[in-house]
Amino acid sequence: MYNCHIHTFTEKDIPEKFYPKFIMKFLRKESTEDLAKNLMKYIKILEDLFGIEADEAERYLQFYIIGSKESQDEIFRICQPSYPAGTKFFTLSMDMQFMGCGNVLRDYSLQLDELATTDTTHILPFVHIDPRRNGYFSILRKAIEDQGFRGVKIYPPLGIFPFDARLDSVYEYCTDNNLPVIAHCSPHNPTHYKGTRKELIELLKNPYFNVNPRGLNKKDLCDIFTHPKNYHIVCQKFPDVRISLAHYGSDRMWKKMLCNPDDEDNWVNIINSMLLKYPNLYTDISYTMYQNQAECSNTFYLLLNSFLQNETISSKVLFGSDFFMPASQETETHFVSGIRSVIGDALFSKISESNPRRFLGL
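Using UniProt numbering, read the sequence shown as starting at 1 and increasing by one per residue.
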């Protein structure tokens, strides 16, 4: 079995200004044990007390609670026991130096060094590449050729288009070396570029289309980097690169699908159409499916099952949880059993075993 999307980075890998000061002042009054035990209650408190959106409150709490562990190995040991022996985990590094929140506490190379030596039997590490970092291509080559990394991660909402010309060498390298790419692809993401609006508008300038920022907040503007349609350019230019558009459009888009399934602008419909068009394009269900199990069993899982009846789409979907991003009282074990109970053993085996192997190029 494969879990195709987890994280193990620590608070040492988070920018110094990631948390608003008033949030840190509040969190430090509480024990991490109490925060973890009453996670959903504290998300509601942050919403009501500080006017923070639920997804952002969730992200602050998860980064604070789980990220405070001493090592990536300690974080991984929280996730691993929920899965059968022998499960492999696509473990995605994060380079957050360029998101406009100040400096990261430790050098990115140290995060990669630690990940490369953490449970090499079960972890399949992916190297996050941001072309704004000096020497990014050398970092890529070292990770793949010397440290055993198995693929590449890109994270557009931090302020970079997936079709950025500086990434061409990365896609070419992935083509030549049979490497997959996992790309964050969900809107309104709490982890996004947080510099000034002026800086963000400058970053959005590109050779393919004009951006009208009027009436858009910073999260909306960052969605432009992340939009699945950007990958038409990448897939046409680099047709042999296997790319997974992580999160299958997001829970936000799945909720909209339930009300308006024919909306052509819904990211879920866009991704499905692209899965049918591009042979090497994939998606994963990480985070999006990690909701209240009773709710999902009657909504998202049934919708997923209907999508998986299409043979082409069912061969392009990857199982993943996005540990440790989702805040839920459910365990990873419940997440697995809930999906399996609705889509059945055969389809679950497909998205958690055969599809991941093909995505890896095995």
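Even glycine gets a Cβ: it sits at the ideal position worked out from N, Cα and C.
Computed from a predicted model, the values in this text were never measured in an experiment.
- Cβ contact annotation for Asp-176 (same chain, cutoff 8 Å, sequence separation greater than five): none.
- Going by beta carbons, Asp-130 and Asp-73 fall outside the 9 Å limit.
- In the three-state scheme derived from DSSP, where H, G and I count as helix and E and B as strand, Phe-323 is classed as strand.
- The C-beta distance from Tyr-248 to Thr-288 rounds to 5 Å, short enough to fall under 8 Å.
- The criterion of a C-beta distance shorter than 9 Å is satisfied by Lys-88 and Pro-356.
- Of Ala-116, Met-40, Ile-43, Glu-33, the smallest CA-CA separation from Ser-71 is found for Ala-116.
- The C-beta of Ala-165 has fewer than 16 other C-beta atoms within 10 Å across all chains shown, which makes the residue exposed.
- Taking C-beta atoms as the reference points, Phe-348 and Ile-6 fail to come closer than 9 Å.
- In this structure, DSSP gives Gly-344 a helical state, which the three-state scheme calls helix.
- For Asn-3, DSSP records a beta bridge to Phe-89.
- Sixteen is the threshold: since fewer than 16 other Cβ atoms of the shown chains lie within 10 Å of the Cβ of Gln-236, the residue is exposed.
- Contact annotation: Leu-61 and Leu-35 have beta-carbon atoms nearer than 9 Å.
- The C-alpha of Leu-49 is placed about 42 Å away from the C-alpha of Phe-149.
- DSSP links Leu-124 through a beta bridge to Phe-90.
- Lys-153 carries a strand assignment under DSSP once its states are collapsed to helix, strand and coil.
- A residue is called buried when at least 16 other Cβ atoms come within 10 angstroms of its Cβ; Asp-223 meets this threshold and is buried.
- Counting along the chain, no beta strand (DSSP E) covers His-232; the unbroken alpha helix (DSSP H) around it starts and ends at 230 to 237.
- For the set Glu-58, Pro-162, Arg-141, Leu-200, the Cα lying nearest the Cα of Tyr-208 is the one of Pro-162.
- Under the DSSP assignment, Ile-313 falls in the alpha helix (DSSP H) whose first and last residues are 311 to 314.
- A straight-line Cα-Cα distance of about 25 Å links Gln-147 and Ser-321.
- Fully enclosed beta strand (DSSP E) runs of no fewer than 3 residues occupy 88 to 92 of the stretch 14 to 102, in order along the chain.
- Within 10 angstroms of the beta-carbon of Ala-346 lie fewer than 16 other beta-carbons, which makes it exposed.
- DSSP, read as helix, strand or coil, puts Ile-144 in helix.
- Val-211 carries a coil assignment under DSSP once its states are collapsed to helix, strand and coil.
- Boundaries for Ala-116: no beta strand (DSSP E) harbours it, while the alpha helix (DSSP H) harbouring it runs 108 to 116, taken from the DSSP string.
- Burial state of Gly-159 is buried, judged by a 10 Å Cβ sphere holding 16 or more other Cβ atoms.
- In this structure, Leu-318 and Cys-4 form a Cβ contact; the two beta carbons are roughly 4 Å apart against a cut-off of 8 Å.
- Setting aside the 5 residues that flank it on each side, Phe-18 is surrounded in the same chain by Cys-101, each with a C-beta closer than 6 Å to its C-beta; the list follows chain order.
- If you ignore the 5 residues before and after Asp-263, its C-beta comes within less than 8 Å of the C-beta of Lys-256, Met-257, Asn-269, all in its own chain and listed in chain order.
- Ranked by Cα distance from Asn-280, the first of Ser-68, Leu-179, Asp-55 is Leu-179.
- Residues of the same chain with a CB within less than 6 Å of the CB of Tyr-278, apart from the 5 flanking positions on each side, are Cys-235 in chain order.
- Under the criterion of beta carbons closer than 8 Å, Asn-272 and Ile-313 qualify as touching, at roughly 6 Å.
- Of the candidates Lys-21, Glu-202, Gly-151, the residue whose Cα lies closest to the Cα of Val-241 is Gly-151.
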